[in-house]
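Below you'll find the structure, written out as structure tokens, and then a few comments.
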Amino acid sequence: MQDVKYTRPASIQEAIRLLQEGGPTARILAGGTDIIVMARERRRDTSVFVDIKAIPETMGINFDAASGLTLGAATPLYQIYRNETVARIYPCLVDSASLIGGTAIQGRATFGGNLANAGPAADSIPSLIVMECVANIVGPNGQRQVKAEDFCTAPGRNLLEAGEFIVSLHFPTPAANSGARFLRFIPRNEMDIAVVNSATNLTLDGNTVTAARISIGAVAPKPLFVLEAGAALIGKPLTDETIAAAANAARDAATPIDDMRGSIRQRKHLAYVLTERTIRDAARRARGEAAQEH
Amino acid sequence: MSDRIFINTTINGETMEIVADERDSLLEALRDRIGLTGAKEGCNNGNCGACAVIMDGRLVNSCCVLAAEIEGAEITTVEGLADNGKLSALQETFLEDAALQCGICTPGFLVASTALLDFNPHPTEHEIRFWLAGNLCRCTGYDKIIRAVQHAAERA
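Residue numbers (the working numbering), protein chains in the order written: chain R, 377 to 670; chain A, 31 to 186.
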């Protein structure tokens with residue numbers, strides 16, 4: 377690895393100062409499963425690592441029904457998916473957290489890092505989007521909140537300004553009679569990058585959909601929040617026809633590329649199939665049943 | 031040159047101070063600074079699991095950890111699995127079931143399997159395969175490794 381400094385600030389203010397002093401080659405270090413490799417392979421010019429894990433606000437899982445769930449941005453995935461409260465109330469987040477990398481990656485990797493990397497195929501971002509995640513960002517000019525769907529701007533690009541970083545992620549308490557599901561398609565069942573992924577969050581009143589958020593990934597330069605897909609369901613009964621209309625909207629929104637993982641035609645098809653499946657599973661969870669689709 | 035740093039840590043139960051380069055990965059510090067060459071460098075990018083170690087109770091790839099990050103941490107490497115020369119149940123069953131051929135992936139599989147049985151003493155075959163998905167072996171075809179983990183779990 378190139379010459380690099382390691383710093384471990386204990387406060388947000390100290391971290392911001394270190395990021396400002398370090399300039400564009402100062403890199404936030406949370407789980408390190410991407411940035412350490414990128415620095416070693418010189419895909420990111422790096423002069424200083426700013427390890428944010430000693431900052432109390434970046435670590436931990438806090439939930440109460442009134443204010444929702446706050447995840448420290450550097451909380452490792454294994455702590456998230458082993459947390460009983462998260463598993464019970466936010467199973468869609470567990471779907472994502474337990475599929476990113478393998479066990480040794482999940483021991484370190486974080487939702488904050490997965491979001492900040494802004495990968496088009498990132499396996500947490502569709503779930504963050506449908507669960508109405510807001511990133512709490514700090515920087516030299518104070519704090520701001522950005523919705524997950526607004527955070528990524530292009531492959532590997534996000535809207536963080538110089539000296540800014542994500543401290544935590546906030547999720548509202550899910551509505552009564554709501555359910556959410558994330559699925560991805562890869563050639564093997566683990567340790568690979570999504571060909572396509574999808575997440576759906578539904579609220580039901582009887583069999584009528586009262587709220588729906590649908591997101592698909594690996595089919596565009598950034599994960600997509602497909603408003604048209606949700607709109608195809610809202611106010612309507614959940615039937616094969618309305619589910620197909622929503623899945624068609626997701627397919628229409630997909631603008632994938634051809635690469636070694638999949639062709640355009642396959643990815644468009646998968647956007648339909650995975651959206652249909654996540655809708656059916658989200659509805660099952662909304663009714664208190666277990667998810668079934670794999 | 032990167033700066034020299036001094037890291038106070040516990041490795042395989044032994045408290046020690048390691049002198050390392052500020053840019054060293056944990057894998058480099060283990061192998062090159064203190065001579066624990068059990069953890070192997072395979073891919074050096076988090077895909078193969080040959081460098082797996084247990085850090086404060088969770089499995090990590092030591093190539094994706096900076097040495098500087100283990101200040102105050104407790105690390106277990108493959109060298110720490112045997113107890114005074116007595117092999118662990120997993121080490122025994124890996125030998126009995128011939129769960130290795132060339133052996134370069136074996137330290138990672140042993141450490142990852144140890145972390146699995148610590149967390150889940152009686153895993154299903156499905157759980158074993160998912161847990162070990164981040165460890166690559168190009169010789170055995172995995173079945174013998176899975177069997178060795180099952181046999182070790184039966185002995186617990």
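From the three backbone atoms N, C-alpha and C, an ideal C-beta is built for every residue, glycine too.
Can you pull the chain R residues whose beta carbon is under 7 Å from the beta carbon of E52 (chain A), in chain order? Residue 52 (chain A) sits at position 22 when you count from the first residue of the second sequence. By Cβ distance, chain R contributes V380, K381 and Y382.
When Cβ atoms are compared, which residues of the stretch 88-119 of chain A fall closer than 7 Å to chain B? The structure shown contains no chain B; the protein chains it does contain are R and A.
So the beta strand (DSSP E) I513 (chain R) belongs to, where does it begin and stop? Here the question's residue 513 (chain R) lines up with position 137 in the first sequence. Where I513 (chain R) is concerned, the enclosing beta strand (DSSP E) stretches over V510 to G515.
Give me the subset of the stretch 474-486 of chain R whose CB atoms are less than 7 Å from a CB atom of chain A, sorted by chain position. G477, G478, T479, A480, I481, G483 and R484
I'd like to check one pair, G164 (chain A) with G478 (chain R): are the Cβ atoms closer than 8 Å? Numbered from its first residue, the first sequence carries residue 478 (chain R) at position 102. Numbered from its first residue, the second sequence carries residue 164 (chain A) at position 134. Yes; because the gap between Cβ atoms is below 8 Å, this pair is in contact.
For P432 (chain R), count neighbouring C-beta atoms within 10 Å of its own C-beta (all shown protein chains included) and say buried if the count is 16 or more, exposed if not. Looking up residue 432 (chain R) in the first sequence gives position 56. Looking at its Cβ environment, which holds fewer than 16 other Cβ atoms inside 10 Å, P432 (chain R) is exposed.
Who are the Cβ neighbours of V380 (chain R) in its own chain at under 8 Å, not counting the five residues just before and after it? Position 4 of the first sequence holds residue 380 (chain R). For V380 (chain R), where only same-chain residues beyond five positions count, the Cβ hits under 8 Å are A415, T422, S423, V424 and F425.
Can you list, in chain order, the residues of its chain whose CB lies under 7 Å from that of A59 (chain A), leaving out five sequence neighbours each side? Counting from one through the second sequence, the residue named residue 59 (chain A) turns up at place 29. Only I48, A50 and A97 meet the Cβ criterion.
I want to verify the contact list: residues of chain A whose CB lies under 8 Å from the CB of T409 (chain R), in sequence order. As a working mapping, residue 409 (chain R) is identified with position 33 in the first sequence. Near T409 (chain R) (Cβ distances below 8 Å), the residues of chain A are G76, N91 and C94.
Evaluate the contact criterion for the stretch 453-471 of chain R versus the stretch 520-535 of chain R: three or more CB pairs, one atom per stretch, below 8 Å. no
Run through chain R and tell me which residues come within less than 7 Å of A178 (chain A), C-beta to C-beta. Counting from 1 along the second sequence, the entry for residue 178 (chain A) is found at position 148. Residues of chain R passing the Cβ test: none, with the nearest at roughly 17 Å.
Could you check if M85 (chain A) is buried or exposed, using at least 16 other CB atoms within 10 Å of its CB as the buried criterion? Numbered from its first residue, the second sequence carries residue 85 (chain A) at position 55. M85 (chain A) is buried by the Cβ-count criterion.
Report yes or no: is there a C-beta of chain R within less than 8 Å of the C-beta of F160 (chain A)? The residue you call residue 160 (chain A) lines up with position 130 of the second sequence. Yes, its Cβ sits closer than 8 Å to a Cβ of chain R.
Am I right that A570 (chain R) and F558 (chain R) are in contact with their C-beta atoms under 8 Å? What's the rounded C-beta distance? In the first sequence, counting from the first residue as 1, residue 570 (chain R) sits at position 194. In the first sequence, counting from the first residue as 1, residue 558 (chain R) sits at position 182. So it is not a contact: roughly 10 Å between Cβ atoms.
Can you tell me where the alpha helix (DSSP H) holding I37 (chain A) begins and where it ends? Here residue 37 (chain A) refers to the residue found at position 7 when the second sequence is read from its first residue. That residue, I37 (chain A), is in no alpha helix (DSSP H); its beta strand (DSSP E) goes R34 to I41.
Measuring CB atoms only, is the stretch 503-513 of chain R touching the stretch 532-550 of chain R, in the sense that at least three cross pairs come out at less than 8 Å? yes
Candidates A:G43, A:Q180 and A:T136, of which the one nearest G79 (chain A) by Cα: Along the second sequence, read from residue 1 onward, the residue named residue 79 (chain A) stands at position 49. Answer by Cα proximity: A:T136.
Taking only three categories from DSSP, how would you classify R560 (chain R)? Against the first sequence, residue 560 (chain R) aligns to sequence position 184. If DSSP states are grouped into helix, strand and coil, R560 (chain R) belongs with the strands.
Cut-off 6 Å between Cβ atoms - residues of its own chain near I158 (chain A), not counting five sequence neighbours on either side: Within the second sequence, residue 158 (chain A) is the residue found at index 128, counting from 1. Result list for I158 (chain A): I176 and V179, in chain order.
Using a Cβ cut-off of 8 Å, which residues of the stretch 447-458 of chain R contact any Cβ in chain A, in chain order? P452 and Y454
Determine the extent of the beta strand (DSSP E) in which K429 (chain R) is found, giving its start and end residues. If you number the first sequence from 1, residue 429 (chain R) lands on position 53. That residue, K429 (chain R), is in no beta strand (DSSP E); it is neither H nor E in DSSP.
Own chain residues within Cβ distance below 6 Å of S500 (chain R), not counting five before or after: On the first sequence, residue 500 (chain R) is found 124 positions in, with the first residue counted as 1. Cβ neighbours of S500 (chain R) beyond the five flanking positions: S472, F487 and N490.
Using a Cβ-Cβ cut-off of 8 Å (strictly less than) and excluding sequence neighbours within five positions of E566 (chain R), which residues of its own chain qualify? Start at 1 with the first residue of the first sequence, and residue 566 (chain R) comes out as number 190. Cβ within range, chain order: L475 and G478.
R589 (chain R) - DSSP class collapsed to helix/strand/coil: Taking the first residue of the first sequence as position 1, residue 589 (chain R) is located at position 213. Reduced to three states, the DSSP call for R589 (chain R) is strand.
Checking 8 Å against the spacing of the C-beta atoms, do Y454 (chain R) and G483 (chain R) come in under that value? Here residue 454 (chain R) refers to the residue found at position 78 of the first sequence. Here residue 483 (chain R) refers to the residue found at position 107 of the first sequence. Yes; because the gap between Cβ atoms is below 8 Å, this pair is in contact.
Endpoints, the beta strand (DSSP E) within which Y382 (chain R) is located: One-based indexing of the first sequence puts residue 382 (chain R) at position 6. Its beta strand (DSSP E) spans residues K381 to T383.
In whole angstroms, what separates the C-alpha of S554 (chain R) from that of L580 (chain R)? In the first sequence, residue 554 (chain R) corresponds to position 178, counting from 1. In the first sequence, residue 580 (chain R) corresponds to position 204, counting from 1. Distance between the alpha carbons of S554 (chain R) and L580 (chain R): 6 Å.
Since T123 (chain A) is in the alpha helix (DSSP H), which residue starts that stretch and which ends it? The residue labelled residue 123 (chain A) in the question sits at position 93 within the second sequence. From DSSP, the alpha helix (DSSP H) with T123 (chain A) extends over A119 to E126.
Best match in A:V83, A:L117, A:T67 and A:S92 for proximity to V413 (chain R) [C-alpha to C-alpha]: In the first sequence, the residue the question calls residue 413 (chain R) occupies position 37. When each option's Cα is compared against that of V413 (chain R), the closest is A:S92.
Minimum C-alpha distance to A662 (chain R) - residue among R:A551, R:Y648, R:D616 and R:D628: By one-based count along the first sequence, residue 662 (chain R) stands at place 286. Among R:A551, R:Y648, R:D616 and R:D628, the Cα nearest to that of A662 (chain R) belongs to R:A551.
For the stretch 161-176 of chain A, which residues have a beta carbon sitting closer than 8 Å to at least one beta carbon of chain R? W161, L162, A163, G164 and N165
Taking 7 Å as the limit between beta carbons, can you name the residues of its chain near R637 (chain R), skipping five residues before and five after? Against the first sequence, residue 637 (chain R) aligns to sequence position 261. Answer for R637 (chain R): I569 and V571, listed in chain order.
Which of helix, strand or coil does DSSP assign to T446 (chain R)? Taking the first sequence and counting its residues from 1, the one referred to as residue 446 (chain R) is at position 70. T446 (chain R): strand per DSSP, three-state reduction.
Taking S55 (chain A) as the query, report the chain R residues whose CB atoms sit under 9 Å from its CB, ordered along the chain. On the second sequence, residue 55 (chain A) is found 25 positions in, with the first residue counted as 1. M377, I412 and R416, listed in chain order.
Using a C-beta to C-beta distance shorter than 7 Å, which residues of chain A count as neighbours of E566 (chain R)? If you number the first sequence from 1, residue 566 (chain R) lands on position 190. Simply F160 and A163.
Helix, strand or coil: which one does DSSP assign to K70 (chain A)? Within the second sequence, numbered from 1, the residue matching residue 70 (chain A) stands at position 40. In the structure shown, K70 (chain A) sits in coil (DSSP, three-state: anything other than H, G, I, E or B).
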